[in-house]
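Novice: This is the structure, below, for whatever I ask next.
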Amino acid sequence: MVVTVVAFFDIRDELSEDASELVERLEAIHFEGADIAAKLQQIDVKDCSVSHLQKLQAIFNQQVFIQAIKYRLESGEQCQVGSYTPFVKSERIRSPRGNEIIVNYRSPVDVVSFMAQHGDYQFVYPALISPAFLLVDTNFEIVLSSEALNADEYQYLIGEFGLRRVYAKGQNAWWPDYVVMTESCGEHSDYCAILGFSPRQFAVVFLDWLGIIVAASVAFAYFTYRSLKRKYIRRRSSRSRILRGLKKSFFFCHYQPIVDLASRRIVGCEVLARFEDDYGTMSPLEFIPLIAEAKLTLPFTQLIIDKAMAELAELIDETNSLKVNFNVFPEDFVTDSLWRYVEGVSAKYPLCKLVVEITEDQPLDVGQAITHTDSAQSNGVLIAMDDFGTGYSNLASLQTLNYDILKIDRSFIKGLEFDAIVASLLPNIVEIANKYEMVVVAEGIETEEQLKSLLELGVQQGQGWLFAKPMPIQMLSDHLLLNS
Numbered sequence: 001m002v003v004t005v006v007a008f009f010d011i012r013d014e015l016s017e018d019a020s021e022l023v024e025r026l027e028a029i030h031f032e033g034a035d036i037a038a039k040l041q042q043i044d045v046k047d048c049s050v051s052h053l054q055k056l057q058a059i060f061n062q063q064v065f066i067q068a069i070k071y072r073l074e075s076g077e078q079c080q081v082g083s084y085t086p087f088v089k090s091e092r093i094r095s096p097r098g099n100e101i102i103v104n105y106r107s108p109v110d111v112v113s114f115m116a117q118h119g120d121y122q123f124v125y126p127a128l129i130s131p132a133f134l135l136v137d138t139n140f141e142i143v144l145s146s147e148a149l150n151a152d153e154y155q156y157l158i159g160e161f162g163l164r165r166v167y168a169k170g171q172n173a174w175w176p177d178y179v180v181m182t183e184s185c186g187e188h189s190d191y192c193a194i195l196g197f198s199p200r201q202f203a204v205v206f207l208d209w210l211g212i213i214v215a216a217s218v219a220f221a222y223f224t225y226r227s228l229k230r231k232y233i234r235r236r237s238s239r240s241r242i243l244r245g246l247k248k249s250f251f252f253c254h255y256q257p258i259v260d261l262a263s264r265r266i267v268g269c270e271v272l273a274r275f276e277d278d279y280g281t282m283s284p285l286e287f288i289p290l291i292a293e294a295k296l297t298l299p300f301t302q303l304i305i306d307k308a309m310a311e312l313a314e315l316i317d318e319t320n321s322l323k324v325n326f327n328v329f330p331e332d333f334v335t336d337s338l339w340r341y342v343e344g345v346s347a348k349y350p351l352c353k354l355v356v357e358i359t360e361d362q363p364l365d366v367g368q369a370i371t372h373t374d375s376a377q378s379n380g381v382l383i384a385m386d387d388f389g390t391g392y393s394n395l396a397s398l399q400t401l402n403y404d405i406l407k408i409d410r411s412f413i414k415g416l417e418f419d420a421i422v423a424s425l426l427p428n429i430v431e432i433a434n435k436y437e438m439v440v441v442a443e444g445i446e447t448e449e450q451l452k453s454l455l456e457l458g459v460q461q462g463q464g465w466l467f468a469k470p471m472p473i474q475m476l477s478d479h480l481l482l483n484s
């Protein structure tokens, strides 16, 4: 059904363009109507109809074969069909609906053989052409016999192209090459057009559209399948890469310095996990969810901490202490295994001040977590709420868990200069942190203007591209040397 509608719209547009072009060509020729009328014999005239063109355009595809010329007589506007050979005979027939139909032809034929009855519609058509393709109610039609159409000398005026022979083609009554029909005169033109409709042409257009739609559907299905397959393979492949990475140490660490905002001296660093194997790198935004999905969060956290502490131990001595921030998964934050491991690392590297960062991107069992955090804090481990202002972080958990550090999410820092709501919230956040004796760390500082505003608010520490991007251990070593 959709294909049919689309095909009809396409056909209608083609018909409208061709008919308009034909009339324009005829008007451009500027024939004198009276001179042409004098050359034409056996001309039968009828009052013009203004609706036939619209009906024809709305239904049929067409190929222009001949034109009719409309001219003005003193008695008023009338329509005529012009040829360069006279008609031998002209008959007037009245249909059951009362429409008067004129049949002009050159050789005597039995008019009845041209008639076909379809309900209330009465049509005239050449004997070799099926009436099934002519179901249009018109005020008049002029239909030429197959003998006349096949006659070499029977010629029609074709606009500025001069004379062109038109032949009847196709012997199959149900599948002709074309049908000759007249189109009534329009209101705004001195000429009329006779349009030909070919069922075969319509079928070609219909099948073309059908083929295009089927091809487009197949292509869409194919590329959708390929896209989904690639996503599945990539996801499966990424999971396999991560599993191999945990076994073969394809994960490594980068470090982003945390500075004292007033002096810009490095006071700590945040450890950030990175991944690279033989197939290339993989973003944390991709591998972190897969690690959580595979329930390998604790082995992953332990691997990153072990790698980082082994590298940092060579940079830190009694004169150069450093806070080392690690992110842990919320599901591990309430487990005995994580905290036993963290306390063991803290005891092994006493010159490093471990900071465990927790992002409350899912509900946290505060009652269960507080037992572990109290024990860890008593052994020198600091607890930081990361990305405050997002997820499930709230004032209640700030009070209960007794955080040491409050890290303000970068979205607040980004909106500090342009967002009035953010600018009004930050002083309150800093005030609350000071009330609970927490160190405030601002994330994502990128401009001097942001730094100035944060200093005015009393924020003590920060990190961001204004100071340094995440870097490998050797670059961190160079920064620490400059810092000292």
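Numbering (UniProt numbering), first residue to last: 1 to 484. Every residue gets a Cβ at the ideal spot worked out from N, C-alpha and C, and that includes glycine.
(1) Can you say whether V267 is buried or exposed, counting buried as having 16 or more other CB atoms within 10 angstroms of its CB?
(2) For S346 versus N379, is the C-beta spacing smaller than 7 Å?
(3) Going by DSSP, name the residue or residues bridged to N280.
(4) For the beta strand (DSSP E) holding A294, just list the boundary residues, first then last.
(5) Take I473 and list the residues in its own chain whose beta-carbon comes closer than 6 Å to its own, dropping the five residues that flank it on each side.
(6) Starting from the Cα of S453, find the closest Cα among N434, V422, L272, I305 and give me that residue.
(7) Count the C-beta pairs between the stretch 440-451 and the stretch 222-234 that are closer than 8 Å, then say yes if the count reaches three, no if not.
(8) When you compare the CB positions of L455 and L261, do they come within less than 7 Å of one another, or not?
(9) Tell me whether G280 is buried or exposed, calling it buried when 16 or more other Cβ atoms sit within 10 Å of its Cβ.
(10) Name the residue from L466, L416, L364, V356 whose alpha carbon lies nearest to the alpha carbon of K323.
(11) By the three-class DSSP mapping on this structure, what secondary structure does V180 have?
(12) If the criterion is Cβ atoms closer than 7 Å, does the pair V430 and L457 meet it?
(13) Excluding five sequence neighbours on each side, which residues of the same chain lie with their C-beta closer than 7 Å to the C-beta of Q368?
(14) Report the rounded CA-to-CA distance for P330 versus L426, giving the unit in angstroms.
(15) If you follow the alpha helix (DSSP H) that E456 is part of, which residue opens it and which one closes it?
(16) Using only CA atoms, which one of R239, Q377, R340 lies nearest to K295?
(17) Express the C-alpha separation of A219 and D332 in angstroms, rounding to a whole number.
(18) Rounded to the nearest angstrom, what separates R226 and N483 at their Cα positions?
(19) Between the alpha carbons of N325 and F223, how many angstroms are there, rounded?
(20) For D387, count the other beta carbons within 10 Å of its own beta carbon; 16 or more makes it buried, fewer makes it exposed. Which is it?
(21) Looking at the structure shown, is V334 part of a helix, part of a strand, or coil, going by DSSP?
(22) What would DSSP say about N402, mapped onto helix, strand or coil?
(23) Just confirm the distance between the C-beta atoms of V439 and D404, as a whole number of angstroms; I'd bet it's less than 8 Å.
(24) Using 10 angstroms around the beta-carbon of A215, count the other beta-carbons present and answer buried if the total reaches 16, otherwise exposed.
Specialist: Taking the geometry as given:
(1) Translated into the one-based positions of the sequence shown, residue 267 becomes position 267. With 16 or more Cβ atoms within 10 Å of its Cβ, V267 is classed as buried.
(2) The count along the sequence shown starts at 1 and reaches residue 346 at position 346. The count along the sequence shown starts at 1 and reaches residue 379 at position 379. In this structure, S346 lies near N379, with their beta-carbon atoms less than 7 Å apart.
(3) For the purposes of this step, residue 280 is taken as residue 280 along the sequence shown, with counting starting at 1. One detail in the question is off: residue 280 reads as Gly in this sequence, not Asn. Per DSSP, D277.
(4) Walking along the sequence shown from the start, residue 294 turns up at place 294. That residue, A294, is in no beta strand (DSSP E); it is neither H nor E in DSSP.
(5) Residue numbering aside, residue 473 sits at position 473 when the sequence shown is read from its first letter. Within the same chain, I473 has close Cβ partners E311.
(6) Against the sequence shown, residue 453 aligns to sequence position 453. Nearest C-alpha to S453 among N434, V422, L272, I305: V422.
(7) No: fewer than three Cβ pairs fall under 8 Å.
(8) One-based indexing of the sequence shown puts residue 455 at position 455. One-based indexing of the sequence shown puts residue 261 at position 261. When the beta-carbon positions are compared, L455 and L261 come within less than 7 Å of each other.
(9) Translated into the one-based positions of the sequence shown, residue 280 becomes position 280. Around the C-beta of G280, fewer than 16 other C-beta atoms lie within 10 Å, and the residue is accordingly described as exposed.
(10) Start at 1 with the first residue of the sequence shown, and residue 323 comes out as number 323. V356 is the residue among L466, L416, L364, V356 whose C-alpha sits nearest the C-alpha of K323.
(11) In the sequence shown, the residue the question calls residue 180 occupies position 180. Confidence in V180 is poor, its pLDDT being 38 and thus under 50, which makes the residue's placement unreliable; the coordinate value appears in the next sentence. Three-state result, V180: strand.
(12) The residue given as residue 430 occupies position 430 in the sequence shown. The residue given as residue 457 occupies position 457 in the sequence shown. Yes, the Cβ-Cβ distance between V430 and L457 is below 7 Å.
(13) Counting from 1 along the sequence shown, the entry for residue 368 is found at position 368. Within its own chain, the residues whose Cβ lies closer than 7 Å to the Cβ of Q368, once the five positions on either side in sequence are excluded, are V334, listed in chain order.
(14) On the sequence shown, residue 330 is found 330 positions in, with the first residue counted as 1. On the sequence shown, residue 426 is found 426 positions in, with the first residue counted as 1. Each residue's Cα considered, the two are about 25 Å apart.
(15) Within the sequence shown, the letter at position 456 stands for residue 456. Where E456 is concerned, the enclosing alpha helix (DSSP H) stretches over 448-457.
(16) For the purposes of this step, residue 295 is identified with residue 295 of the sequence shown, where counting begins at 1. Taking only the C-alpha atoms, the option nearest K295 is R239.
(17) In the sequence shown, the residue the question calls residue 332 occupies position 332. In the sequence shown, the residue the question calls residue 219 occupies position 219. Take the alpha-carbon of D332 and the one of A219: they are about 47 Å apart.
(18) Here residue 226 refers to the residue found at position 226 when the sequence shown is read from its first residue. Here residue 483 refers to the residue found at position 483 when the sequence shown is read from its first residue. Rounded to whole angstroms, R226 to N483 spans 53 Å at the Cα level.
(19) Residue numbering aside, residue 325 sits at position 325 when the sequence shown is read from its first letter. Residue numbering aside, residue 223 sits at position 223 when the sequence shown is read from its first letter. Straight-line Cα distance between these residues: approximately 45 Å.
(20) Reading the sequence shown from its first residue, position 387 is the one you call residue 387. Counting other Cβ atoms within 10 Å of its Cβ, D387 reaches 16 or more and is therefore classed as buried.
(21) Taking the sequence shown and counting its residues from 1, the one referred to as residue 334 is at position 334. Of the three classes helix, strand and coil, the one that applies to V334 here is coil, per DSSP.
(22) Locating residue 402 in the sequence shown gives position 402, where the first residue counts as 1. Looking at N402 - three-state DSSP - the assignment turns out to be coil, as it is neither helix nor strand.
(23) To locate residue 439, count along the sequence shown from 1; it is residue 439. To locate residue 404, count along the sequence shown from 1; it is residue 404. So it is a contact: roughly 7 Å between Cβ atoms.
(24) Locating residue 215 in the sequence shown gives position 215, where the first residue counts as 1. Exposed is the call here.
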